[in-house]
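Accompanying notes for the structure given below.
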Amino acid sequence: MSTVEPPPLAHVAQRASRRAPSPAALAAFLDALAAALPADRVSTLDSARLAASRDGAYLSPLLSAVLPDRLADVVVRPHSTEQLQTAVRLAHAHGIPVVPRGRGTGNYGQAVPLAGGLVVDLSDADRVLEVGNGWVQAQAGATFVALEAAARRTGQEIAMMPTTVGSTIGGFLGGGAGGLGSIEHGWLWDGFVQALEVVGCPPQDQPRRAYGAQCLPYLHAYGVTGIIATATVKLAPARDWTAVLASFPDGAAATQAGLGLLRLDPAPRLVSLDEPALTATYPADPALPEGRHSLRSVVDASLVDAVAALVAAHGGRVDKVDADAVGYVSTLSFNHVTLRAKKARPELCHLQVGGAPLVTDPDKVRAALPGAMLHLDGMRAFLDPADPTRGRGFGGLLLAPFHDAAALYAGVHRLRELGVHVVDPHTWLLDGPALPGIRAAAAANDPDGLLNPGKLPFDESA
Numbered sequence: 000m001s002t003v004e005p006p007p008l009a010h011v012a013q014r015a016s017r018r019a020p021s022p023a024a025l026a027a028f029l030d031a032l033a034a035a036l037p038a039d040r041v042s043t044l045d046s047a048r049l050a051a052s053r054d055g056a057y058l059s060p061l062l063s064a065v066l067p068d069r070l071a072d073v074v075v076r077p078h079s080t081e082q083l084q085t086a087v088r089l090a091h092a093h094g095i096p097v098v099p100r101g102r103g104t105g106n107y108g109q110a111v112p113l114a115g116g117l118v119v120d121l122s123d124a125d126r127v128l129e130v131g132n133g134w135v136q137a138q139a140g141a142t143f144v145a146l147e148a149a150a151r152r153t154g155q156e157i158a159m160m161p162t163t164v165g166s167t168i169g170g171f172l173g174g175g176a177g178g179l180g181s182i183e184h185g186w187l188w189d190g191f192v193q194a195l196e197v198v199g200c201p202p203q204d205q206p207r208r209a210y211g212a213q214c215l216p217y218l219h220a221y222g223v224t225g226i227i228a229t230a231t232v233k234l235a236p237a238r239d240w241t242a243v244l245a246s247f248p249d250g251a252a253a254t255q256a257g258l259g260l261l262r263l264d265p266a267p268r269l270v271s272l273d274e275p276a277l278t279a280t281y282p283a284d285p286a287l288p289e290g291r292h293s294l295r296s297v298v299d300a301s302l303v304d305a306v307a308a309l310v311a312a313h314g315g316r317v318d319k320v321d322a323d324a325v326g327y328v329s330t331l332s333f334n335h336v337t338l339r340a341k342k343a344r345p346e347l348c349h350l351q352v353g354g355a356p357l358v359t360d361p362d363k364v365r366a367a368l369p370g371a372m373l374h375l376d377g378m379r380a381f382l383d384p385a386d387p388t389r390g391r392g393f394g395g396l397l398l399a400p401f402h403d404a405a406a407l408y409a410g411v412h413r414l415r416e417l418g419v420h421v422v423d424p425h426t427w428l429l430d431g432p433a434l435p436g437i438r439a440a441a442a443a444n445d446p447d448g449l450l451n452p453g454k455l456p457f458d459e460s461a
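Here you go:
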């Protein structure tokens, strides 16, 4: 059996740590920061350094075991692009690694500083700058709560956003992929991002500006190609969303009903499906009845009757309709499921999965890992922007008890033999078809390799 296990992350972390600043370089850098930025923008307090050096990687037993204990040496919280450029310019001058950060809600160690140095926390650069017809421009630290509120005041809404709506736009673009709205609007790479202002290392006099396809190397790149200062993203006409929670005695019927929901017009903002064993890990809720398959959706309020008819036609029942439950239903989707399930069963480990076998042969998918449970989320062309059909289907999560890395990656191998697309959530290394473009942009924008070192796979031939 060929291995699919990634490179040893402990080795990657050790190699990245060689970029750690010397005491003399760090002292000079701190002096320069103190002279250039307001005192309330810079912190070396242990509490601030600790908070800025952790993210949701604890969800992975593999990452938890290999992420270094080293903290950022200093945290800067810029209010403006000018303050961001100042911090990055001084870091470059003193050879200090720089890691950008939003709210730290990522799950892969993307924002963990492997070499210490400077963490730039952009959550104070949070202004919504302008709202236009079909777009909104904001600083990187603006949250999706703020973006959605600004868009709603103009009769619009964010086309696509993470289920963690307190996330920042810069953090999501740098480390996320999809979420609410992905059924209709796809992923980060599908025209969601219209323009960016990016600070390289060293920074230019003005941020680099990217438009349309030029933005691609900065998306889901963990900041190695540059630090996003502002972003312009897609809006859609606002809709009146409501949550519909339904349940079924049979998994196949629930899945077919879910596929029917994905074909609704207008498209749902969210469709999620869980088997009874997984639903049992959630807090008790009459709308998540024990022993039944749970199908949850966020749909246009005009379609509630159509949803009820579709559910009934597949032998299910509607347990709740509630516009106020949209936020709650959102937290039962995507990687929130891992967070909730691990609270009840800490031994669980997750994989991100997609492809037709999730629907056509779910039992074989579960059998790839002993004791596995399958969670499904509706989406468009799961992680395949080149798919000309742009079809709607299911991707999701496979959660199973963790034994060791060898058993986990043997399961990944079995899944791929079945034709399941697996995205490994247990590595911080960038990968995938976008990697060559990310490498090229990183070489141009960060020639000294100071931006988030250790997140790009090392080129052993270099």
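Counted from 1, the sequence shown has number 458 at position 459 by numbering that gives the first Met the number 0; the numbering is strictly sequential. Where is the CB? At the ideal position from N, CA and C, for every residue including glycine. All values derive from a computational prediction rather than experimental measurement.
S329 (DSSP reduced to helix, strand or coil) = Counted from its first residue, the sequence shown places residue 329 at position 330. S329 falls in the helix class under three-state DSSP.
request  = Evaluate E346 with the Cβ neighbour count: other Cβ atoms within 10 Å of its Cβ, from every protein chain shown; 16 or more gives buried, anything less gives exposed.
outcome  = As a first step, residue 346 is located in the sequence shown; it is residue number 347 there, counting from the start. By the neighbour-count rule (16 or more Cβ atoms within 10 Å), E346 is not buried but exposed.
message = Using only the alpha-carbon positions, how far apart do W188 and D45 sit?
response = Sequence index remark: in the sequence shown, residue 188 carries index 189 (1-based). Sequence index remark: in the sequence shown, residue 45 carries index 46 (1-based). The straight-line gap from Cα to Cα measures roughly 37 Å.
I182, enclosing alpha helix (DSSP H) - first and last residue = The residue labelled residue 182 in the question sits at position 183 within the sequence shown. 181-184 is the span of the alpha helix (DSSP H), which, as asked, contains I182.
Helix, strand or coil at K454 according to DSSP, with G and I counted as helix = The count along the sequence shown starts at 1 and reaches residue 454 at position 455. The answer is coil: DSSP assigns K454 none of H, G, I, E or B.
query = R48 and P77 look like a contact to me (Cβ under 8 Å); what is the Cβ gap, rounded to whole Å?
reply = Residue 48 sits at position 49 when you count from the first residue of the sequence shown. Residue 77 sits at position 78 when you count from the first residue of the sequence shown. Contact between R48 and P77 does not hold, since the beta-carbon distance rounds to 17 Å and is not under 8 Å.
request  = State yes or no: is the C-beta of A358 within less than 7 Å of the C-beta of T254?
outcome  = On the sequence shown, position 359 is the one that residue 358 refers to. On the sequence shown, position 255 is the one that residue 254 refers to. The amino acid occupying residue 358 in the given sequence is Val; Ala does not appear at that position. Yes, these two residues count as a Cβ contact at 7 Å.
task = State the Cα-Cα distance for the pair R18 and A114, rounded to the nearest angstrom.
result = Working through the sequence shown from its first residue, we reach residue 18 at position 19. Working through the sequence shown from its first residue, we reach residue 114 at position 115. Approximately 6 Å, taken between the alpha carbons.
inquiry  = Here's a check: name, in chain order, each residue in its chain whose Cβ is nearer than 8 Å to the Cβ of W240, leaving out the five neighbours to either side.
reply    = As a first step, residue 240 is located in the sequence shown; it is residue number 241 there, counting from the start. Only R268, V297, V298, D299, A300, A322, V325 meet the Cβ criterion.
task = Check the Cβ-Cβ distances between P265 and every residue of chain D, and say whether any is below 7 Å.
result = Checking the listed chains, one finds no chain D in this structure; it contains a single protein chain.
query = At a cut of 8 Å, does the stretch 361-381 reach the stretch 165-183 through at least three beta carbon pairs?
reply = yes
ask   = Name the DSSP bridge partner or partners of H349?
value = Residue 349 sits at position 350 when you count from the first residue of the sequence shown. Per DSSP, L398.
ask   = When we look at the beta-carbon of G394 and count the other beta-carbons within 10 Å, is it buried (16 or more) or exposed?
value = Counting from one through the sequence shown, the residue named residue 394 turns up at place 395. When all chains shown are included, G394 counts as buried.
key: Beta-carbon contacts of F252 that lie in its chain and below 7 Å, excluding the five residues immediately before and after   = The residue labelled residue 252 in the question sits at position 253 within the sequence shown. It should be pointed out that residue 252 corresponds to Ala in this sequence rather than to Phe. H313, G314, G315, listed in sequence order.
request  = My understanding is that H349 touches T337, with C-beta atoms under 8 Å, so please give their C-beta distance in whole angstroms.
outcome  = Counting from 1 along the sequence shown, the entry for residue 349 is found at position 350. Counting from 1 along the sequence shown, the entry for residue 337 is found at position 338. Between H349 and T337 a beta carbon distance of about 5 Å is seen, short of the 8 Å cut, so the two are scored as contacting.
Cβ shell of P456 (< 6 Å), same chain only, five flanking positions each side left out = Here residue 456 corresponds to residue number 457 of the sequence shown, with the count starting at 1. Within the same chain, P456 has close Cβ partners L428.
query = Roughly how many angstroms lie between the CA atoms of R151 and K233, to the nearest whole one?
reply = One-based indexing of the sequence shown puts residue 151 at position 152. One-based indexing of the sequence shown puts residue 233 at position 234. Taking the straight line joining both Cα atoms gives about 13 Å.
request  = Taking only the alpha-carbon atoms, compute the straight-line gap between E147 and I157 and give it to the nearest angstrom.
outcome  = As a working note, residue 147 is residue 148 in the sequence shown. As a working note, residue 157 is residue 158 in the sequence shown. Their backbone Cα atoms lie some 6 Å apart in a straight line.
ask   = Considering T241, what are the terminal residues of the beta strand (DSSP E) in which it resides?
value = Reading the sequence shown from its first residue, position 242 is the one you call residue 241. Taken as a continuous stretch (DSSP letters only), the beta strand (DSSP E) holding T241 covers 240-247.
ask   = Between which two residues does the alpha helix (DSSP H) carrying L227 extend?
value = As a position in the sequence shown, residue 227 is number 228, starting the count at 1. It is Ile, not Leu, that sits at residue 227 in the sequence shown. From DSSP, I227 is part of no alpha helix (DSSP H) but of the beta strand (DSSP E) over 226-236.
query = Per DSSP, S296 is paired with what?
reply = Residue numbering aside, residue 296 sits at position 297 when the sequence shown is read from its first letter. The partner list for S296 (beta bridge, DSSP) reads V243, V270.
message = Restricting to runs no shorter than 4 residues, where is the alpha helix (DSSP H) found entirely within the stretch 57-129?
response = 60-65, 80-93
message = Between the alpha carbons of V243 and K319, how many angstroms are there, rounded?
response = Counted from its first residue, the sequence shown places residue 243 at position 244. Counted from its first residue, the sequence shown places residue 319 at position 320. Straight-line Cα distance between these residues: approximately 6 Å.
key: Cβ contact (3+ pairs, closer than 8 Å) linking the stretch 60-69 and the stretch 93-101   = The stretch 60-69, when compared against the stretch 93-101, does not touch it at the 8 Å Cβ threshold.
task = Taking D273 as the reference, give the member of R415, S293, A367, V317 with the closest Cα.
result = Counting from one through the sequence shown, the residue named residue 273 turns up at place 274. Nearest C-alpha to D273: S293.
query = If you follow the alpha helix (DSSP H) that A139 is part of, which residue opens it and which one closes it?
reply = Along the sequence shown, read from residue 1 onward, the residue named residue 139 stands at position 140. Unbroken run through A139: none, as it is neither H nor E.
query = With C-beta atoms as the reference, is A27 less than 7 Å away from H93?
reply = As a working note, residue 27 is residue 28 in the sequence shown. As a working note, residue 93 is residue 94 in the sequence shown. Going by C-beta atoms, A27 is nearer than 7 Å to H93.
ask   = What's the call for D30, buried or exposed, on a 16-neighbour Cβ count within 10 Å?
value = Taking the sequence shown and counting its residues from 1, one reaches residue 30 at position 31. D30 should be labelled exposed.
query = If D75 sits next to L32, beta carbons under 8 Å apart, how far is it from one beta carbon to the other, in whole angstroms?
reply = Walking along the sequence shown from the start, residue 75 turns up at place 76. Walking along the sequence shown from the start, residue 32 turns up at place 33. One point to set straight first is that residue 75 is Val, not Asp, in the sequence displayed. Correct: roughly 7 Å between the Cβ atoms.
ask   = According to the Cβ coordinates, are A308 and L83 closer than 7 Å?
value = Looking up residue 308 in the sequence shown gives position 309. Looking up residue 83 in the sequence shown gives position 84. Cβ distance not < 7 Å, so A308 and L83 don't count as in contact.
ask   = Just reading off the alpha helix (DSSP H) that R365 is part of, what are its end residues?
value = Working through the sequence shown from its first residue, we reach residue 365 at position 366. Start and end: 361-366.
ask   = If you compare alpha carbons, which of A279, H184, P7 is closest to H374?
value = Numbered from 1 along the sequence shown, position 375 holds the residue referred to as residue 374. Out of A279, H184, P7, A279 has the C-alpha closest to the C-alpha of H374.
task = With Q483 as the anchor, note down where its beta strand (DSSP E) starts and where it stops.
result = Not covered by the structure: residue 483. The range shown for the chain is 0 to 461.
task = Closer than 7 Å by C-beta to P67: which residues in its own chain qualify, once you throw out the five before and the five after it? Chain order, please.
result = For this step, residue 67 is matched to residue 68 along the sequence shown. Once the five neighbours on either side are set aside, the close Cβ partners of P67 are A12, S16, L113.
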